[in-house]
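What follows is a single structure, written as structure tokens, with notes after it.
Residue numbers (full-length UniProt numbering): 1 to 561.
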């Protein structure tokens, strides 16, 4: 569970108290807390979820109008103290001393590298700080920075507070010495926080040079440990080979290219942490990754706030770019396009009915099946039965028996190579002898006699006679003699590095420059697609093509058209 932003949490708690005292709804008094500029709705610049979702604006700024904590009357000090200790104070509640304890909690919150700017961070920090005894000093600082002098002015003279004056909220301590200690401690913490926020604000600027010395840096967020480490190793080998080739060819305008690897384990939480590191590192002008769309998408708001291009070269979930910003790009064919093609291809083979197994995962398998189902309905391909399965399962026979009982002309699997191999091997034991379609990554598709004749749609096959493909395959196997096969994973990463280099050459070795390069790229040589040009609306490869391959005599080969 992700924590609420300090502002929205404060607003919620303060509003509940006011509502109880006055009998009014909290929405009558509370204005929405704005989010950071350039950040997706509901998510602040540090990747924190606002509840409720904020309106566009700047994270940390106080609402345009204040609200009264006193409601229908002024509660006792003990009531205020009880509420104050339980929750952070609302950002505009400068006027009551009971929030002294809570504001110390806000002061000690660590600033993050996702803050939109130094000025905005200073505004946010000033609003969080306790109003000092010297209110004139604070007023001068706030006026200088352009923030509102005081978001809530009282007209009541209760408790000796005069109207239209900034109110001092000295803490309700009986012991003056204890109070002085607390004030000194809070001031020290505030100073440290202000310095840290300033550094974070500087780190989030959009002008990353990427040229520390004579080197241009790209970041790589990938799984080098954990359950996806195999794929991370495949990507790294391809990236390193491509970097070696680029540098041998003169680099980018004479500058060497280098990669900064960070292990995310392709975990959503860790990918966000990695994104924060890359955004803060001004040498990094582009970030590759992550392996899984489910890890890349949560990190996207961080990259957007830092104005750092996030190149999801392996992210097939359409939402990665469709719900992203101009900073999200991908050369992976979407699941929608891939399985729309699969349904069309099966229909063209004269198949009238098909049974389907699909990975029962919300971020990939289910959307992929929905795309297949929609296209099948459109073209008149009957689905006799569809069974959701898990890639971690070892026994698919119950689901396969149900499908075989419907007597389809063919069976298709929407998933990956390892699970497809297990499914087809068990499928033959049910007596089914028809064609089996599906399963990505031919290398991990176990080439057993039972899998013979299986068909896969892929963007890349190492037996492709194209000169560019064969040059890459030979170079890869020479660099890594232990690798028997080269798959789409290696080819996709290899292409991605060369595309990023082409963008930097076209636009420049800065964050702004490489974004401009992506917006102008056309006809970049590719071992996966032949050439890559981006559709500027989708920020994906324009008109991608798949190649059908068949497992024959234990090896995969392209099916002649």
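Where a beta carbon is used, it is the ideal one built from N, C-alpha and C, also for glycine.
Query	Result
Go ahead and pull the three-state DSSP assignment for residue 542.	coil
Could you tell me if residue 43 is buried or exposed, where buried requires 16 or more neighbouring beta carbons within 10 angstroms of its beta carbon?	Annotation note: pLDDT 40 at residue 43 (below 50); position unreliable, coordinate value reported separately. The residue in question, residue 43, is buried, as its Cβ has 16 or more Cβ neighbours within 10 Å.
How far does the alpha helix (DSSP H) with residue 528 in it extend, from its first residue to its last?	Premise fails: residue 528 is in no alpha helix (DSSP H) and is neither H nor E.
Given residue 223, which residues of its chain have a CB within under 6 Å of its CB, disregarding the five upstream and five downstream residues?	229, 232, 265, 266 and 291
What is the DSSP secondary structure of residue 514, counted as helix, strand or coil?	helix
Take residue 318 and list the residues in its own chain whose beta-carbon comes closer than 6 Å to its own, dropping the five residues that flank it on each side.	334 and 336
Buried or exposed: which applies to residue 304, given that a residue is buried once 16 or more other Cβ atoms fall within 10 Å of its Cβ?	buried
Taking the alpha-carbon positions, what's the residue 483 to residue 288 distance?	23 Å
Would residue 383 and residue 356 be called neighbours here (beta carbons separated by less than 7 Å)?	yes
By Cβ distance below 7 Å, which residues in the same chain neighbour residue 450 in space, the five residues on each side in sequence not counted?	424, 425 and 428
Check whether the Cβ atoms of residue 372 and residue 332 sit closer than 7 Å, and answer yes or no.	no
Could you check the C-alpha separation between residue 245 and residue 296 for me, to the nearest Å?	27 Å
Should the stretch 312–327 be called in touch with the stretch 490–498, which here means at least 3 C-beta pairs below 8 Å?	yes
Closest to residue 512 by CA distance: which of 460, 347, 284 and 541 is it?	284
Taking all protein chains shown into account, do 16 or more other C-beta atoms lie within 10 angstroms of the C-beta of residue 555, making it buried, or fewer, making it exposed?	exposed
Please classify residue 564 as buried or exposed, where buried requires at least 16 neighbouring CB atoms within 10 angstroms.	A question about residue 564 goes unanswered here, because the residues of the chain that appear run from 1 up to 561.
Buried or exposed for residue 473, going by 16 or more other Cβ atoms inside 10 Å?	buried
Any idea if residue 464 is buried or exposed, counting beta-carbon neighbours within 10 angstroms, 16 or more meaning buried?	buried
With a CB to CB cut of under 6 Å and the five nearest residues on each side skipped, what residues in its chain are close to residue 539?	321 and 329
May I have the straight-line CA-CA distance separating residue 300 from residue 421, to the nearest angstrom?	33 Å
Identify the continuous alpha helix (DSSP H) that holds residue 252 and give its terminal residues.	Here residue 252 belongs to no alpha helix (DSSP H), and DSSP marks it neither H nor E.
Expressed to the nearest angstrom, what Euclidean distance is found between the alpha-carbon atoms of residue 541 and residue 525?	12 Å
Under 6 Å Cβ to Cβ from residue 397, same chain only, skipping five residues before and after it: list those, please.	426
Could you tell me which residues DSSP puts in a beta bridge with residue 382?	353
Tell me whether residue 296 sits in a helix, a strand or coil according to DSSP, three-state version.	helix
Please report how far the alpha carbon of residue 260 lies from the alpha carbon of residue 477, in whole angstroms.	24 Å
Is the separation between the beta-carbon of residue 216 and that of residue 257 shorter than 7 Å?	yes
Just to confirm the assignment: which complete beta strand (DSSP E) runs, minimum length 3, are found wholly within the stretch 378–439?	382–389 and 410–416
DSSP three-state call for residue 465: helix, strand or coil?	coil
With a threshold of 6 Å on Cβ separation, who are the neighbours of residue 325 within its own chain once the five nearest residues in sequence on each side are excluded?	304
Buried or exposed: which applies to residue 392, given that a residue is buried once 16 or more other Cβ atoms fall within 10 Å of its Cβ?	exposed
So is residue 237 buried or exposed if we call it buried at 16+ other beta carbons inside 10 Å?	buried
What do you get for residue 510, buried or exposed, if any count of 16 or more other CB atoms within 10 angstroms of its CB means buried?	buried
By how many angstroms is the C-alpha of residue 529 removed from the C-alpha of residue 545?	7 Å
Give the range of the alpha helix (DSSP H) segment to which residue 345 is assigned.	335–348
Nearest to residue 389 by alpha carbon, out of 403, 376 and 381?	403
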